[in-house]
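Structure first, then comments.
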Amino acid sequence: NAGVTQTPKFQVLKTGQSMTLQCAQDMNHNSMYWYRQDPGMGLRLIYYSASEGTTDKGEVPNGYNVSRLNKREFSLRLESAAPSQTSVYFCASGGTASLTGELFFGEGSRLTVL
Amino acid sequence: GQQLNQSPQSMFIQEGEDVSMNCTSSSIFNTWLWYKQDPGEGPVLLIALYKAGELTSNGRLTAQFGTTRKDSFLNISASIPSDVGIYFCAGLFSNDYKLSFGAGTTVTVRA
Chain A
1384 NAGVTQTPKF QVLKTGQSMT LQCAQDMNHN SMYWYRQDPG MGLRLIYYSA SEGTTDKGEV
1444 PNGYNVSRLN KREFSLRLES AAPSQTSVYF CASGGTASLT GELFFGEGSR LTVL
Chain B
3 GQQLNQSPQS MFIQEGEDVS MNCTSSSIFN TWLWYKQDPG EGPVLLIALY KAGELTSNGR
63 LTAQFGTTRK DSFLNISASI PSDVGIYFCA GLFSNDYKLS FGAGTTVTVR A
């Protein structure tokens, strides 16, 4: 049982390049989330998907797009990467009780934009 | 996003010590949660609190949901080396999917 799987784990981009972070969960959860973690700032929500077919903006959505491909998969795309998007990105999922705040996180994707 | 103020920002522990950290907010939350992040890993849920005044334990961890619903604390008793990591508080409003996180308390073993 893998839980939440993120790929890639590490990526270096040049300013202006695009890339997609992939996330898949095998727990049959309804809701999925993308957070970014920066030193001293905790985890900030970028986008979330309450259920298959829906997506909504979080606290820091600018510069990102998401796709809820199916119930298992939720991808995060950077269309034109900027140095300010250097961060560690976490995908998370929540079950039918996701309104309780109980989330399961992946191991993170470490992105550097030069 | 909602501002959660976590303190202390960092702390050093010695094996066997009891440690305490807390989280305050200007907003009233329906749910308070505490997560721990080990180096190189994603956060893992430690304790969830759903009622004002609730006190919940998970092994050597004890957390309380403040009666004003604007604060929570986490105690770790008899620290062990594997307690090092970053501890995050998080708050959730009623009928909301968006969890708000504090900036974290980094726990390190004192040399």
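Taken in sequence, the protein lines are chains A and B.
So the first sequence is numbered by the working numbering: it starts at 1384 and just counts up by one.
So the second sequence is numbered by the working numbering: it starts at 3 and just counts up by one.
In this text, a Cβ means the ideal position worked out from N, Cα and C, and glycines have one as well.
Distance cutoff 7 Å, beta carbons only. Does residue i sit that close to anything in chain A?
{"i": "residue 116 of chain B", "result": "Missing from the structure shown is residue 116 of chain B; chain B here goes from 3 to 113 and no further."}
{"i": "residue 103 of chain B", "result": "yes"}
{"i": "residue 54 of chain B", "result": "no"}
{"i": "residue 33 of chain B", "result": "yes"}
{"i": "residue 89 of chain B", "result": "no"}
{"i": "residue 106 of chain B", "result": "yes"}
Look up residue i in the DSSP assignment and say whether it is helix, strand or coil.
{"i": "residue 1409 of chain A", "result": "coil"}
{"i": "residue 85 of chain B", "result": "helix"}
{"i": "residue 1483 of chain A", "result": "helix"}
{"i": "residue 1467 of chain A", "result": "helix"}
{"i": "residue 31 of chain B", "result": "coil"}
Starting from the Cα of residue i, find the closest Cα among the options and give me that residue.
{"i": "residue 1435 of chain A", "options": "A:1407, A:1390, A:1468, A:1425", "result": "A:1407"}
{"i": "residue 47 of chain B", "options": "B:41, B:60, B:69", "result": "B:60"}
{"i": "residue 1438 of chain A", "options": "A:1446, A:1415, A:1422, A:1445", "result": "A:1415"}
{"i": "residue 1403 of chain A", "options": "A:1449, A:1491, A:1490, A:1497", "result": "A:1449"}
Do the CB positions of residue i and residue j come within less than 7 Å of each other?
{"i": "residue 67 of chain B", "j": "residue 34 of chain B", "result": "yes"}
{"i": "residue 62 of chain B", "j": "residue 78 of chain B", "result": "yes"}
{"i": "residue 1387 of chain A", "j": "residue 1470 of chain A", "result": "no"}
{"i": "residue 32 of chain B", "j": "residue 96 of chain B", "result": "yes"}
For chain B, find out if any of its Cβ atoms is closer than 7 Å to the Cβ of residue i; answer yes or no.
{"i": "residue 1433 of chain A", "result": "yes"}
{"i": "residue 1393 of chain A", "result": "no"}
{"i": "residue 1414 of chain A", "result": "yes"}
{"i": "residue 1473 of chain A", "result": "yes"}
{"i": "residue 1488 of chain A", "result": "yes"}
{"i": "residue 1456 of chain A", "result": "no"}
Practice item. Tell me, please, whether the segment 1406 to 1417 of chain A touches the segment 1448 to 1456 of chain A by the rule of three or more beta-carbon pairs shorter than 8 Å. Key: yes
Check your understanding: Is the segment 1480 to 1491 of chain A in contact with the segment 10 to 23 of chain B, if contact means three or more CB pairs nearer than 8 Å?
Key -> No, the segment 1480 to 1491 of chain A does not touch the segment 10 to 23 of chain B.
Check your understanding: Three or more beta-carbon pairs under 8 Å between the segment 1424 to 1440 of chain A and the segment 87 to 101 of chain B, yes or no?
Key -> yes
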